[in-house]
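Quick notes on the structure that follows.
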C-alpha cells in the first residue's frame, strides 16, 4: 500500500499549501511517496501535477524552479520542479555544490518543444525524475504519449524524429530519450548518482511564481522550508546569454553546466585532470596548453592542446563541442545537434585569452 504525504481531504487539512474556497468540494490527491514501489509505471501515479498533466501545474509541495544557465539539450525547453516530504529540508553545502536533499526528494525535469511541425504546437516529449531513496538517488525516465495525457516509464531509450521552428529557422533531429544507464553516466559523482543543476549559485535569481509573487528562488526555498540557513555570500552563476556579464564569466558558466558534471575531480571524467566547474582557477586544470590523456582516433581533430589561448580554432575543446560524431562530440550524451550559440561563446572567450608560450 502506498504511503501518501499530506493527508489532504477537501479543504480541511492544515498542511495543504494550496487554497480552497468554501464552495470547493474537490478532493486534492497528495503526492504519492511509496519509495519501495518506485518507479511507478505511469508518471500520473506520482500525483506531481494537478489538473491536466500537460499544463504542468505543480501539486501541493511541488515547487517550480529554473536555472540561471541550464544544460543544452538540442534546444529543448525544460520545466523543472522539486518536491520534498513534509518536515524535511535541503541542506546548504557550499556555493558550488548541489543542495544536499533529504530522503524522499523528487527532482522533476520535463522536456518539451514549442512550434513543433507540422501543426506549430507545443509537445512534451519526456519527463526525467531523480528520486532520493534511503541508500542512493535513482533516475527514472518517462515518455509522454501522443495525446499528452500521461507518460510511460522506460528502461530503454527511444529515438523520436522531430521538426520544429527555432527563431524562424526549421530544425530537425532524432531526439534521444536516454536509458537509465545513460542517466547514471551523466549524473555520476564520487561513484554514486547525484543531481547536477540545483546548486545555490545556479538558483540565485528571481522567479515568477504567479499571483504577483516574484522572488529570489533561494529565499522562496527558505520560506517553504526547502532550504536551511544559507551562507551570507552566495554568488550567482553568470547567465551565459546575458551580455551584461563579462565574456569569461559567461563562458565559464556555460562550461560549468555543460561539461563539469563529468569534468570535475569526482565526476566520470575525473581521470582526465580536465575540470570545468566554475570554482576552478588553475589554468592547467582548465586545459590551457594541456595535452589530452588519450589522443587516439579522431577525438582531437589533429590538435595538440585542450585549450590554446588566443586560438579557438586550434583548441580540442572547441573541436569536440563542434562535432556530432559519436566518438568525438562533447558532451558525449544529451545532444544530437551542435549548439551554435554556445560554441560561438566559448570560441570568443578562448580567442580573447592572451597567448601562452607553452603551446608553441
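Residue numbers (this note's numbering): 6 to 365. C-beta atoms are modelled at their ideal positions from N, C-alpha and C, and glycine is treated no differently.
query: Give me the residue from 100, 86, 82 with the minimum Cα distance to residue 239.; result: 100
query: Measuring only the C-alpha atoms, how far is residue 316 from residue 360?; result: 8 Å
query: How should residue 362 be labelled, buried or exposed, when 16 other C-beta atoms within 10 angstroms of its C-beta is the threshold for buried?; result: exposed
query: Helix, strand or coil: how does DSSP classify residue 169 here?; result: strand
query: So what does DSSP say about residue 350, is it helix, strand or coil?; result: helix
query: Is the beta carbon of residue 89 less than 8 Å from the beta carbon of residue 107?; result: yes
query: Between the C-alpha atoms of residue 324 and residue 306, what's the straight-line distance to the nearest angstrom?; result: 7 Å
query: Should the segment 116-123 be regarded as contacting the segment 165-172, the criterion being three or more beta carbon pairs within less than 8 Å?; result: yes
query: Which residues in the same chain have their Cβ closer than 8 Å to the Cβ of residue 50, if we skip the five residues on either side of it in sequence?; result: 37
query: For residue 326, tell me which candidate among 248, 314, 304 has the shortest Cα-Cα distance.; result: 304
query: Taking only the alpha-carbon atoms, compute the straight-line gap between residue 27 and residue 62 and give it to the nearest angstrom.; result: Because residue 27 carries a pLDDT of 41, less than 50, the predicted location of this residue cannot be relied on, and the following value inherits that uncertainty. Answer to the nearest angstrom: the Cα atoms are 22 Å apart.
query: Name the residue from 218, 144, 157, 202 whose alpha carbon lies nearest to the alpha carbon of residue 186.; result: 144
query: Does the distance from the C-beta atom of residue 94 to that of residue 224 stay below 8 Å?; result: no
query: On the DSSP letters alone, give me the boundaries of the alpha helix (DSSP H) that residue 225 sits inside.; result: 222-228
query: Out of 71, 288, 328, which one is the CA nearest neighbour of residue 366?; result: The requested residue 366 is not part of the displayed model; the chain covers only 6 to 365.
query: Please confirm whether residue 340 and residue 77 have their CB atoms less than 8 Å apart.; result: yes
query: For residue 83, which residues from the same chain have a beta carbon less than 7 Å from its beta carbon, with the 5 sequence-adjacent residues on both sides left out?; result: 75, 114, 115, 116
query: Please classify residue 149: does DSSP put it in a helix, a strand, or coil?; result: strand
query: State the Cα-Cα distance for the pair residue 130 and residue 283, rounded to the nearest angstrom.; result: 31 Å
query: Measuring alpha carbon to alpha carbon, tell me which residue in 69, 97, 79, 59 is nearest residue 344.; result: 79
query: Would residue 152 pass as a contact of residue 47 if the rule is Cβ separation under 8 Å?; result: no
query: Report back the beta-carbon spacing between residue 162 and residue 184 to the nearest angstrom; my notes put them in contact at under 8 Å.; result: 4 Å
query: Whose C-beta lies closer than 8 Å to the C-beta of residue 351 among residues of the same chain, with five residues either side of it excluded?; result: 256, 259, 260, 317, 322, 323, 326
query: Measuring only the C-alpha atoms, how far is residue 34 from residue 112?; result: 19 Å
query: Tell me the residue span of the beta strand (DSSP E) that contains residue 205.; result: Note, residue 205: premise wrong, no beta strand (DSSP E); alpha helix (DSSP H) at 205-208.
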